[in-house]
Amino acid sequence: MSTTFAQLLAQTTAKLRPVVPGQDTASQLSALHYNIALVSDALLALRHSFVQTSPTPADEIHFFREVKPSLSVHLVYYTDILRIVHNLPIADRERATAYLQAQTHAQQQFIERHLFYFQYFNSNQRHLDDKLFIRGASPKPDLLFAIDTDAQFTTGYDYLKAALDASGRVLQFLQDLTHWLLHPPPPNTTPAVPATALTWTGAKRGLIELTYALHEAAAFNNGNVDLKTIQDGLEVAFNVKLGNASRIFQEILGRKSGDTNFLELLTGKLRQRIEKMEEKNLRKR
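In numbering that gives the first Met the number 0, the protein residues as written are 0 to 284.
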């Protein structure tokens, strides 16, 4: 991913507002409309940058398989959640539960209808990429709905990938919303913050890399949490102040030595640990 596209993604996701079960409907709708407008503007900016380039086939595949879906997944997700929240009969628990069950079934059916592509994308297969992610290489997928129909800016399958990724997040939101509806927390309760004996002693840039990675992976609250909330939580958990994470992340993107040094270090250390354990197990046999 080019630095320009990476910066646009980082800046956009950092501004997303959280939408979680238990919020009052007005706050949810306000956040949803804001997020949809934010991501729509970012996609317009991404389109403006992309159509001025002359990508190689490999670049085009990377853009439509990795870059664009990482933004458009948010548009599909928040548009779906807006529809669900807007139509939820919140005053009638029985009707609301039935509605959420129907929505869950619809999301599961969507994944099942496109199971071949769901498995292809999630198993990181690549042998069809030149047909799926190059404009005009194949007919567009048969979708019941589509937000993106711009022939210069979609192959159709980039949208399908984003929609399938979004479905997983929507299913988690529906599960959380159903649980909240059936087991609402007592009024005026604030969850206790556990004390921690952990203090982050590594480089702050490393924790900032991790913060952005966790946010992009939708590791908390099925993706319904903004970057600042994750940063605040990690600061409390690890007894550290990260300061202006957005500015530091921009510096990370600009460094010549690589933009994921800490994550690569973690991966390397984990592999070393696994190899040592495997060697130890082999010696026991």
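Beta carbons: idealized from backbone N, C-alpha and C, even for Gly. Predicted model only: the values in this text are computed from it and were never measured.
> Alpha carbon to alpha carbon, what distance is there between residue 148 and residue 54?
Replying inline: Indexing the sequence shown from 1 puts residue 54 at position 55. Indexing the sequence shown from 1 puts residue 148 at position 149. Residue 54 and residue 148: Cα-Cα distance of roughly 20 Å.
> Measuring CB to CB, does residue 285 end up less than 8 Å from residue 261?
Replying inline: Residue 285 is absent from the model: the chain starts at 0 and stops at 284.
> If you draw a straight line from the alpha carbon of residue 24 to that of residue 166, how long is it in whole angstroms?
Replying inline: Walking along the sequence shown from the start, residue 24 turns up at place 25. Walking along the sequence shown from the start, residue 166 turns up at place 167. So the alpha carbons of these two residues sit roughly 22 Å apart.
>> Just to confirm the assignment: which complete alpha helix (DSSP H) runs, minimum length 4, are found wholly within the stretch 51-111?
In response: 56-61 and 67-86
>> For a quick check, are the C-beta atoms of residue 132 and residue 59 less than 8 Å apart?
In response: In the sequence shown, residue 132 corresponds to position 133, counting from 1. In the sequence shown, residue 59 corresponds to position 60, counting from 1. A contact, by the Cβ cut-off of 8 Å.
> At what residue ranges does the stretch 125-182 contain a whole run of the beta strand (DSSP E), taking only runs of 3 or more?
Replying inline: none
>> Tell me the rounded alpha-carbon separation between residue 311 and residue 83.
In response: The structure shown does not extend to residue 311, since the chain spans only 0 to 284, so no value can be given for it.
> Does the stretch 8-19 touch the stretch 225-233, meaning 3 or more C-beta pairs lie closer than 8 Å?
Replying inline: yes
> Assuming residue 163 and residue 110 make a contact with CB atoms under 8 Å, what is their CB distance in whole Å?
Replying inline: Start at 1 with the first residue of the sequence shown, and residue 163 comes out as number 164. Start at 1 with the first residue of the sequence shown, and residue 110 comes out as number 111. With a Cβ gap of about 6 Å, residue 163 and residue 110 count as contacting.
>> At the level of alpha carbons, what is the spacing between residue 181 and residue 66?
In response: The count along the sequence shown starts at 1 and reaches residue 181 at position 182. The count along the sequence shown starts at 1 and reaches residue 66 at position 67. Residue 181 and residue 66: Cα-Cα distance of roughly 38 Å.
> Looking only at its own chain, which residues have a Cβ that is under 7 Å from the Cβ of residue 70, when we skip the five neighbours before and after it?
Replying inline: For the purposes of this step, residue 70 is taken as residue 71 along the sequence shown, with counting starting at 1. The answer, listed in chain order, is 8, 11, 38, 41, 42 and 45.
> Does DSSP put residue 222 in a helix, a strand or coil?
Replying inline: Position 223 of the sequence shown, counted from the first residue, corresponds to residue 222. Reduced to three states, the DSSP call for residue 222 is helix.
>> I believe residue 208 touches residue 259 by the beta-carbon criterion, under 8 Å. Please report the beta-carbon distance rounded to the nearest angstrom.
In response: Residue mapping note: residue 208 aligns to position 209 of the sequence shown, counting from 1. Residue mapping note: residue 259 aligns to position 260 of the sequence shown, counting from 1. Sure, about 6 Å apart at Cβ, within 8 Å.
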